[in-house]
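Enquirer: Sequences listed follow chains A and B, in order. One gets my numbering by counting positions in the first sequence from 1 and adding 8 to each. One gets my numbering by counting positions in the second sequence from 1 and adding 784 to each.
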Amino acid sequence: MKLIILEQYDQVSEWAAKYVRNKILLFNPGPERYFTLGLPTGGTPLGCYKKLIEFYKNGDVSFQYVKTFNMDEYVGLPRDHPESYHSFMWNNFFKYIDIRAENVHILDGNAADLPSECQAFEKKIQDAGGIELFVGGIGPDGHIAFNEPGSSLVSRTRVKTLAMDTIQANARFFDGDLSKVPTMALTVGVGTVMEAKEVMILITGGHKAFALYKAIEEGVNHMWTVSAFQQHPQTLFVCDEDATLELRVKTVKYFKGMMHVHNKLVDPLPGSLKKN
Amino acid sequence: MPSNGSVSDAPITQFINCRILKEHTLQREDLWVRDGRILDPEKLFFDEQGYADRRLDCGGAILAPGFIDVQLNGGYGVDFSTPSEDPGAGVAFVAKKILEHGVTSFCPTLVTSPPSVYHKVLPEVKVQSGGVHGAGVLGVHLEGPFISLEKKGAHPEQFLRTFGGSGGVRPLLEVYGGLDNVSMVTLAPELAGSQSVVEELSQRGITVSLGHSVANLSQAEEAVRQGASFITHLFNAMLPFHHRDPGIVGLLTSDRIPAGRSVFYGMIADGIHTNPAALRIAHRAHPAGLVLVTDAIMAMGLPPGRHTLGQQVIEIQGLHAYVAGTTTLSGSIATMDMCVRHFQQASGCSVPEALEAASLHPAQLLGISHQKGSLEYGCDADLVLMDDQMVLEATFISGVEVWRK
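Written out as structure tokens, the structure reads:
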């Protein structure tokens, strides 16, 4: 893995957004070949989305030939509910950029037949040629998407019941009322994300530090599902100083020492491939 | 590119680079319009996979709901209460002109007149949608003749009337000739027999306003209980506020307003008809009820100097219109956008509050706020574009530009 350690949330957001931008530009998508991007929701990626919107407004990148696949969506929440992941993606990202609606894929938590909806989503990913880059976050319990502790590390897109940790973490979006938080969600599986060409996990804040420690310094374990990515050939963890608080000093020093190499992935804007 | 046509094939316009008045604040959001109504872009995106056919760059300006004037007596030399060959044409002429003031809907107002005038004029003034031809007519505001003698103001005394003994709206039907196309009636509730009139008018969906009256607070509260919901030009043509009987003014803070109901009050914020301190008292007492009205007379829109209008000779100096050769005010000539700006300066309220007093509040008063006076999804796209000083740049009705500076 590459562990990118930056000072604070804003630097993490900027680094991650530049990485995504450069990846799209280098891929040089067009009407015959789309860049497929897996996307998360929540507080962690918000800053990254804001930066990507800025890059779009500056003319540095276009999302015209980008296909997106979101990780998850609540079951039973009306699509236009302000806390649905559809609303999140629209209000925080899609409405500001030039992505086409037909290239956006988000699981439908109100589908009549949920297992079929999950299978159809897997097929859409397959039909799109797989995912080039899957961006994700990590829960305080070490979950990726809604793959709660105990989820199979080879799982596929399916219906999941949310763990109490997750419900509590999400209550802040539902007026602090636990009874208002949905209890089930549709989510891509650990196996689904593992099939992406490249995975980038964003982790910020001291409350995520223990999960990061479990994910990268302990073994692969279905109780901390992000640990599965130890077995993925191209994984990046982008985090702030606070998120490293439970790691060994040796780990942190090693990766910090490599920042001058890692920064080459983001800093020169691939000039000749700038969107016209 | 348009939508997949699953809901509609009509073209979609996206107003970009603007600050829209929504949820009582100015938000940096785009505004989407289709079929003359404000469109929910999230539904468009997810349900219809659609986008805008064209984008309109607002240059960072404020985009607000078009103004609604519920008390306008005429303008540009046209007096709605003076019967002419073609009353409809007079209304249409003024309707077109007031687009320049950001007014997208209005209630042509008739002052106290003899039945013959009502019978001639009313059938010619119909409710109709606005457009390139002019602001929409929401319905007529009949100010009088069932008003108080002592508070007639400039209304002609000989045509004032009382309700008689029969009860109900029959005397109104006789005087007016009918109540079609009427959206508001101003009356004095202390007149005997007013209760059943107020009740029946309210049941018919006509807004009842209290004005030109010497009613005390109890009489006013009784009228509100029967359905009255507006006060015509607060402070003017009513008993002044008294601390032991606040009169109609006391409705602003009355605790006898039935639950779920609101009392609104018209204010002429031209800096002349109401002292700014009085304006502030009213605003601070009941900000949600303030409705800006022009109560403009036919001299509005005319250049400074002397004008002979019907039987009167009027002299215009700045924002003052005097009976020629005197210092007697003959009516207001401030335009709606001037009133909005003056109200904001005099009260120190925020720009959203000032704009809502001219759009949302009159719409709520008339019970049409699901359709007008707001930029919520589904509302009519009647809009005004303005700079930070609330100087108008353009007016739109149903999403179509009807005036540009």
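Positions of the beta carbon are idealized from the N, C-alpha and C atoms, including for glycine.
To the nearest angstrom, report how far apart Y860(B) and L1167(B) are at their CA atoms.
Expert: Position 76 of the second sequence holds residue 860(B). Position 383 of the second sequence holds residue 1167(B). Y860(B) and L1167(B): Cα-Cα distance of roughly 23 angstroms.
Enquirer: Are there 16 or more other CB atoms within 10 angstroms of the CB of Q798(B), so buried, or fewer, so exposed?
Expert: Working through the second sequence from its first residue, we reach residue 798(B) at position 14. Counting Cβ neighbours within 10 Å, Q798(B) comes out buried, since at least 16 surround it.
Enquirer: Expressed to the nearest angstrom, what Euclidean distance is found between the alpha-carbon atoms of D831(B) and C247(A)?
Expert: Looking up residue 831(B) in the second sequence gives position 47. Looking up residue 247(A) in the first sequence gives position 239. Rounded to whole angstroms, D831(B) to C247(A) spans 36 angstroms at the Cα level.
Enquirer: Applying the criterion that 16 or more other CB atoms from any shown protein chain within 10 Å of the CB defines a buried residue, is Y902(B) buried or exposed?
Expert: One-based indexing of the second sequence puts residue 902(B) at position 118. Answer is buried; the Cβ neighbour count reaches 16.
Enquirer: State yes or no: is the C-beta of H1145(B) within less than 8 angstroms of the C-beta of V1077(B)?
Expert: Within the second sequence, numbered from 1, the residue matching residue 1145(B) stands at position 361. Within the second sequence, numbered from 1, the residue matching residue 1077(B) stands at position 293. Result no, Cβ atoms of H1145(B) and V1077(B) do not sit closer than 8 angstroms.
Enquirer: Quick test of your reading: A848(B) and L883(B), contact by CB under 8 angstroms. State the CB separation rounded to the nearest angstrom.
Expert: Within the second sequence, residue 848(B) is the residue found at index 64, counting from 1. Within the second sequence, residue 883(B) is the residue found at index 99, counting from 1. Actually they are not in contact, since the Cβ atoms of A848(B) and L883(B) sit about 15 angstroms apart, beyond 8 angstroms.
Enquirer: By Cβ distance below 8 angstroms, which residues in the same chain neighbour H215(A) in space, the five residues on each side in sequence not counted?
Expert: On the first sequence, residue 215(A) is found 207 positions in, with the first residue counted as 1. Correct list, in chain order: P148.
Enquirer: So for E226(A), helix, strand or coil by DSSP?
Expert: If you number the first sequence from 1, residue 226(A) lands on position 218. The answer is coil: DSSP assigns E226(A) none of H, G, I, E or B.
Enquirer: Using a C-beta cutoff of 8 angstroms, does A128(A) count as contacting chain B?
Expert: Sequence index remark: in the first sequence, residue 128(A) carries index 120 (1-based). Not one chain B Cβ lies under 8 angstroms of A128(A).
Enquirer: Just checking, does the stretch 109-117 of chain A make contact with the stretch 51-65 of chain A on the three C-beta pairs under 8 angstroms criterion?
Expert: Contact fails between the stretch 109-117 of chain A and the stretch 51-65 of chain A, because fewer than three Cβ pairs, one in each stretch, are under 8 angstroms apart.
Enquirer: Identify the contact partners of R87(A) in chain E, using a Cβ-Cβ distance below 7 angstroms as the criterion.
Expert: In summary, chain E is missing from the structure at hand, where the protein chains are A and B.
Enquirer: Using only alpha-carbon positions, find the residue among L810(B), G989(B) and V1008(B) that is nearest to L1139(B).
Expert: As a first step, residue 1139(B) must be located in the second sequence, where it is residue number 355. Selected option, being the one with the closest Cα: L810(B).
Enquirer: I believe L220(A) touches E249(A) by the beta-carbon criterion, under 8 angstroms. Please report the beta-carbon distance rounded to the nearest angstrom.
Expert: Sequence index remark: in the first sequence, residue 220(A) carries index 212 (1-based). Sequence index remark: in the first sequence, residue 249(A) carries index 241 (1-based). At roughly 12 angstroms, the Cβ-Cβ gap does not stay under 8 angstroms, so L220(A) and E249(A) are not in contact.
Enquirer: Buried or exposed for Y64(A), going by 16 or more other Cβ atoms inside 10 Å?
Expert: One-based indexing of the first sequence puts residue 64(A) at position 56. Classification of Y64(A): buried, given that the 10 Å Cβ count is 16 or more.
Enquirer: Name the DSSP bridge partner or partners of P1237(B)?
Expert: With chain B running from 785 to 1189 in the structure shown, residue 1237(B) is simply not present.
Enquirer: Smallest Cα separation from F943(B): which of D964(B), V981(B) and V895(B)?
Expert: Mapped onto the second sequence, residue 943(B) falls at position 159. When each option's Cα is compared against that of F943(B), the closest is V895(B).
Enquirer: What is the rounded straight-line gap between the Cα of F102(A) and the Cα of P86(A)?
Expert: Here residue 102(A) refers to the residue found at position 94 of the first sequence. Here residue 86(A) refers to the residue found at position 78 of the first sequence. Taking the straight line joining both Cα atoms gives about 19 angstroms.
Enquirer: Using the Cα positions of L815(B) and G961(B), report the straight-line distance between them to the nearest angstrom.
Expert: Within the second sequence, numbered from 1, the residue matching residue 815(B) stands at position 31. Within the second sequence, numbered from 1, the residue matching residue 961(B) stands at position 177. If you take the alpha carbons of L815(B) and G961(B), they lie about 43 angstroms apart.
Enquirer: Helix, strand or coil: which one does DSSP assign to F799(B)?
Expert: For the purposes of this step, residue 799(B) is taken as the residue at position 15 of the second sequence. Three-state DSSP puts F799(B) in a strand.
Enquirer: Please name the residues in the stretch 108-119 of chain A whose beta-carbon is closer than 7 angstroms to at least one beta-carbon of chain B, in chain order.
Expert: A109 and E110
Enquirer: Judging by CA-CA distance, which residue of D964(B), S1002(B) and F947(B) is the nearest neighbour of S980(B)?
Expert: Reading the second sequence from its first residue, position 196 is the one you call residue 980(B). Comparing Cα positions, the closest option is F947(B).
Enquirer: Using DSSP with H/G/I as helix, E/B as strand and the rest coil, what is M202(A)?
Expert: Position 194 of the first sequence, counted from the start, is the residue given in the question as residue 202(A). Of the three classes helix, strand and coil, the one that applies to M202(A) here is helix, per DSSP.
Enquirer: What do you get for M1170(B), buried or exposed, if any count of 16 or more other CB atoms within 10 angstroms of its CB means buried?
Expert: Residue mapping note: residue 1170(B) aligns to position 386 of the second sequence, counting from 1. The residue is buried, with at least 16 neighbouring Cβ atoms inside 10 Å.
Enquirer: Distance, Cα to Cα, L170(A) vs F96(A)?
Expert: Taking the first sequence and counting its residues from 1, one reaches residue 170(A) at position 162. Taking the first sequence and counting its residues from 1, one reaches residue 96(A) at position 88. Whole-angstrom Cα-Cα distance: 19 angstroms.
Enquirer: Between which two residues does the beta strand (DSSP E) harbouring I175(A) extend?
Expert: Translated into positions along the first sequence, residue 175(A) becomes position 167. Unbroken run through I175(A) is the alpha helix (DSSP H), M172 to N178; no beta strand (DSSP E).
Enquirer: When you compare the CB positions of L1(A) and M202(A), do they come within less than 8 angstroms of one another, or not?
Expert: Beyond the ends of chain A as shown, which are 9 and 284, falls residue 1(A); an answer cannot be given.
Enquirer: Which class does D1121(B) belong to by DSSP, given the choice of helix, strand or coil?
Expert: To locate residue 1121(B), count along the second sequence from 1; it is residue 337. In the structure shown, D1121(B) sits in a helix (DSSP, three-state: H, G or I).
Enquirer: Quick one: using the 10 Å Cβ neighbour count with 16 as the cut-off for buried, is P1087(B) buried or exposed?
Expert: Taking the second sequence and counting its residues from 1, one reaches residue 1087(B) at position 303. It is exposed - the Cβ of P1087(B) has fewer than 16 other Cβ atoms within 10 Å.
Enquirer: When the Cα of P276(A) is compared with those of L33(A), D18(A) and E15(A), which residue comes out closest?
Expert: In the first sequence, the residue the question calls residue 276(A) occupies position 268. Nearest C-alpha to P276(A): L33(A).
Enquirer: Kindly list, in the order they appear in chain A, the residues whose Cβ is closer than 7 angstroms to that of P825(B).
Expert: Against the second sequence, residue 825(B) aligns to sequence position 41. What P825(B) touches in chain A: K103.
Enquirer: Out of D18(A), A128(A) and V189(A), which one is the CA nearest neighbour of S92(A)?
Expert: By 1-based counting over the first sequence, the position of residue 92(A) is 84. Comparing Cα positions, the closest option is V189(A).
Enquirer: Beta carbon of G158(A), beta carbon of I152(A): below 8 angstroms?
Expert: On the first sequence, position 150 is the one that residue 158(A) refers to. On the first sequence, position 144 is the one that residue 152(A) refers to. Result no, Cβ atoms of G158(A) and I152(A) do not sit closer than 8 angstroms.
Enquirer: With C-beta atoms as the reference, is S1038(B) less than 8 angstroms away from L1001(B)?
Expert: Residue mapping note: residue 1038(B) aligns to position 254 of the second sequence, counting from 1. Residue mapping note: residue 1001(B) aligns to position 217 of the second sequence, counting from 1. Yes, these two residues count as a Cβ contact at 8 angstroms.
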